[in-house]
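In the numbering used here, the protein residues as written are 68 to 776. Written out below as structure tokens is the structure these notes cover.
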Amino acid sequence: MTAATSNRAPVELPVSDFAIPGMRCAGCISKLESGLVLRPGIVNARVNFTAKRVSVTHLPEMTMPQLLEAITGIGFEAVAISESSGDNDNHEAKRLLKAMAVAGFAMMNIMLLSVSVWSGASGVTRDLFHWLSALIALPTVVYSGQPFFSSAWSALRKGRTNMDVPISIGVTITTALSLYETFTHGPHAYFDGVVMLLFFLLTGRWLDAVMRDRARDGVSALLKQTSAGAMVLQPGSKTAWIDAKALKPNMVMLVAAGERLAADGMVTEGVSSFDLSLLTGETTAQSVVVGSIVHAGTLNLDAPVHVRVTAAGADTAIADIARLMEQASQGKSLYVRVADRAARLYAPAVHTLAALSFLGWMVAGAGWHESLLIAVAVLIITCPCALGLAVPAAQIVVAGALMRAGILVKDGSALERLAEVDLAMFDKTGTLTMGRPTPINLADANGEQKAVLLALARASRHPLSEGIRRALEIEGVAAGKIDQVREVAGAGVFATANGHAVSLGRPDTEISHEGLASELQIQGKPSFVVHFSDEMRPHAAATLSELQSLGLASLIISGDRAESVAPVARALGITAQTSMLPQEKLNAIARQKAAGHKVLMVGDGLNDGPALAAGYASIAPASASDAGQNAADVVFMGDALTPVATAIRAARRTQHIVRQNFILAIGYNALAVPLAIAGYVTPLIAAAAMSGSSLVVVANALRLKNAAK
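As structure tokens, this is what we get:
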């Protein structure tokens with residue numbers, strides 16, 4: 068996020084992350100995001116419902132206490148992420164499990180006593196069983212009800228309400244009525260209903276917390292795969308163990324067989340095989356030689372190698388993947404917006420409905436006791452737990468399934484849009500092909516050309532530049548000195564060397580070798596054209612055939628020349644547009660949108676960034692440029708193109724399950740609320756019905772655990 072004035076360059080605004088343990092439902096998202104932006108000094112707020120976190124973009128002068136005060140002022144307790152440790156990530160799930168266990172144990176004992184009362188026990192025996200039930204229920208309500216009471220009190224102190232308010236009111240009134248019945252020797256007490264309500268509510272919340280922990284555990288487990296440090300070569304041929312956090316670019320790691328890498332780098336000495344399954348999902352070992360790029364977390368299998376560090380710590384590929392996984396939760400999809408609106412209306416609506424039920428039955432002559440029981444049943448049975456879980460439960464499960472398959476989804480709205488696309492547009496180089504073009508004629512270049520080529524290639528992430536860089540570094544070429552470097556999307560890299568203009572980019576003339584080439588120009592000297600060869604991605608043809616069966620037509624929009632694109636288009640049996648500049652790709656997508664299509668853009672390069680952002684949905688390989696990965700909704704690992712079809716299939720299944728969950732949640736309320744108002748539902752039945760609806764929604768969402776297969 069940036070801020071700018073008319074006379075100053077954009078200034079990067081700080082972003083602070085906070086854990087929000089009390090975030091319970093979709094309505095909390097809206098309260099936090101809309102409430103925080105109204106506070107002075109806060110520019111934006113984005114909630115990660117899965118991780119129960121909020122990222123706050125704010126002015127530099129805002130202090131941590133001020134930010135915490137802003138969040139608590141809305142009714143939520145907050146903890147700065149930097150203050151919390153990974154050991155406490157699943158603290159809430161453990162706390163809920165303890166409370167659930169206490170409620171479950173108490174519920175079983177109280178139900179045994181209640182069976183005797185239901186069987187006809189009366190007089191002193193009934194009163195004794197009621198008192199025993201009270202002795203068990205009261206401490207249980209105090210302990211197991213804490214998650215609801217504390218949340219409700221926090222909201223009420225700030226003049227707000229949430230879904231825990233009516234739950235707390237219902238539990239408190241029912242407990243009080245049961246005590247009144249016990250003191251007055253009444254025939255009915257609902258201690259069993261109160262404790263059962265808490266047990267089922269806690270069960271639903273514990274399951275929800277476990278699912279969230281599993282989503283977060285994927286990130287933690289991924290980051291734990293990196294080595295704690297590495298043996299680093301020191302001056303004088305000495306070695307020293309360096310902690311992973313202290314590793315710096317250009318250090319040389321000595322990686323033994325059986326050791327995981329602590330940082331990204333390039334092999335400078337040795338030949339071995341690496342297990343890359345952590346990043347690619349492919350179990351077959353991959354050979355690495357001098358010049359091969361290797362990543363943190365991958366496992367060296369066969370022989371010792373020397374690896375020159377290119378990125379460490381938060382800059383590694385595995386850290387980037389972890390950040391993407393953190394975002395793989397829930398965005399502002401249509402269904403989330405529906406749940407937001409429903410949750411905002413819930414509290415005032417249910418309070419009004421319960422009050423009207425009480426007054427209506429009082430007017431009908433039912434008496435205050437029976438009228439109050441009916442009002443409590445309405446409060447309990449209308450709890451929107453199922454509605455609040457309808458979207459996140461499905462999206463969390465499928466995000467985890469896709470993550471295990473090497474497909475990283477940035478947010479839930481991406482799943483919704485992926486399910487609706489009907490046309491796929493592919494870039495060629497790095498997308499349909501491997502994007503690892505190998506130069507085939509560098510031996511024809513002279514020393515000066517090679518030095519300038521390497522310097523220009525290092526300044527770009529374009530696949531052709533990467534190919535040149537790898538080949539020349541393996542050859543041992545020393546890079547020349549260049550200044551005033553700039554990269555123009557779709558055109559190339561431009562700079563000056565020894566006062567002369569130099570550039571590496573698209574050739575000006577027709578070339579052979581399928582047209583895959585880059586042209587080096589040095590002012591005042593003949594140009595040199597580098598020719599390349601590139602391989603098709605595995606399963607590309609099968610993936611496009613599957614997309615066709617899913618109702619998606621495919622075509623190529625490429626910045627490469629026709630000679631380069633034609634063989635790929637013929638092999639895949641699809642049409643192609645070639646020699647396209649970034650703006651022309653945008654125009655092509657705009658034309659398809661105007662024709663009523665929802666375009667899936669699949670690309671990887673710097674020049675694909677605008678097109679990826681413009682598509683209805685977008686996918687990029689992990690080898691894509693930073694601009695491509697940032698613009699894409701989905702990033703997939705590995706070489707095969709199969710994840711494109713897998714993501715679409717999973718997205719469609721997710722939307723199907725989400726719609727089912729909404730039908731189940733809304734249908735439950737449509738059936739249960741009239742019965743409660745009519746007086747056919749006791750607090751005990753209301754507790755069981757409300758909690759049962761949440762469990763049904765969660766169980767339905769768990770059907771997506773194999774969505775990526």
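Don't be surprised by glycine CBs; every beta carbon is placed ideally from N, CA and C. Just so we're clear, the structure is a prediction, and the values are computed from it rather than from any experiment.
Would you identify the three-state DSSP class for residue i, choosing helix, strand or coil?
i	result
Ala-329	coil
Phe-341	strand
Arg-143	Note that residue 143 is Phe in the sequence shown here, rather than Arg. In the structure shown, Phe-143 sits in coil (DSSP, three-state: anything other than H, G, I, E or B).
Ser-183	helix
His-373	strand
Thr-235	Here residue 235 turns out to be Ser, not Thr, going by the sequence shown. In the structure shown, Ser-235 sits in a helix (DSSP, three-state: H, G or I).
Val-552	strand
Ser-83	strand
Glu-150	Any reading at Glu-150 needs caution, since the residue's pLDDT is 39, under 50, leaving its predicted position unreliable; the model's value is listed next. The answer is helix: DSSP assigns Glu-150 an H, G or I state.
Leu-164	helix
Met-174	helix
Thr-505	strand
Thr-241	helix
Thr-335	strand
Thr-249	helix
Going by DSSP, which residues form a beta bridge with residue i?
i	result
Ala-112	Val-123
Leu-523	Its beta-bridge partners do not exist; DSSP assigns none.
Thr-55	Nothing about residue 55 can be read from this structure; the chain reaches only from 68 to 776.
His-598	Ala-584
Ser-621	Ala-491
Ala-57	What the structure shows of the chain is the stretch from 68 to 776, and residue 57 is not part of that stretch, so it cannot be assessed.
Ser-354	Ser-340
Val-262	DSSP, once it has assigned bridges, lists no residue as partnering Val-262.
Leu-366	Arg-327 and Asp-342
Ala-378	Asp-331
On the criterion of 16 or more Cβ atoms from any shown chain inside 10 Å, does residue i qualify as buried, or is it exposed?
i	result
Asp-550	exposed
Met-175	exposed
Ser-760	buried
Thr-350	In this prediction, Thr-350 has a pLDDT of 46, which is less than 50 and means its spatial position is unreliable; what the coordinates show is noted afterwards. Exposed: under 16 other Cβ atoms inside 10 Å.
Met-757	buried
Lys-495	buried
Ser-354	exposed
Asp-382	exposed
Trp-273	buried
Ser-579	Residue confidence is low: Ser-579 scores 42 on pLDDT, short of 50, so the model does not pin down where it sits. No coordinate-derived value is stated.
Gln-588	buried
Ile-730	exposed
His-567	exposed
Pro-107	exposed
His-436	exposed
Ser-245	buried
Rounded to the nearest angstrom, how far is the Cβ of residue i from that of residue j, given a contact under 8 angstroms?
i	j	result
Asn-736	Thr-449	6 angstroms
Lys-315	Ala-370	Not quite, the Cβ-Cβ distance comes to about 25 angstroms (not below 8 angstroms), so this is no contact.
Pro-574	Ala-707	At roughly 31 angstroms, the Cβ-Cβ gap does not stay under 8 angstroms, so Pro-574 and Ala-707 are not in contact.
Leu-321	Met-298	5 angstroms
Val-359	Val-319	Note on identity: in this sequence residue 359 is Ser, with Val being the wrong assignment. Incorrect: roughly 15 angstroms between the Cβ atoms, too far for contact.
Val-597	Asn-508	7 angstroms
Asp-231	Ser-181	That belief does not hold up - the Cβ atoms of Asp-231 and Ser-181 are roughly 26 angstroms apart, past 8 angstroms.
Ala-638	Met-603	7 angstroms
Val-465	Ala-774	5 angstroms
Ala-558	Gly-572	5 angstroms
Hey, could you find the ends of the beta strand (DSSP E) residue i is sitting in?
i	result
Pro-688	684 to 688
Leu-587	584 to 589
Arg-536	Run containing Arg-536: none in the beta strand (DSSP E); it sits in the alpha helix (DSSP H), 530 to 542.
Phe-748	Note that residue 748 is Val in the sequence shown here, rather than Phe. Val-748 -> no beta strand (DSSP E), and no H or E assigned at all.
Gly-572	567 to 572
Val-104	Per DSSP, Val-104 belongs to no beta strand (DSSP E) and is neither H nor E.
Ile-474	474 to 476
Leu-667	666 to 669
Leu-321	319 to 322
From what residue to what residue does the alpha helix (DSSP H) around residue i run?
i	result
Ser-359	Counting along the chain, Ser-359 falls outside any alpha helix (DSSP H), and DSSP gives it neither H nor E.
Ser-221	213 to 224
Ile-441	435 to 448
Ser-646	Here Ser-646 belongs to no alpha helix (DSSP H), and DSSP marks it neither H nor E.
Leu-611	607 to 616
Ala-629	629 to 639
Does any CB atom of chain B fall closer than 9 angstroms to the CB of residue i?
i	result
Val-376	No chain B is present in this structure, which holds just one protein chain.
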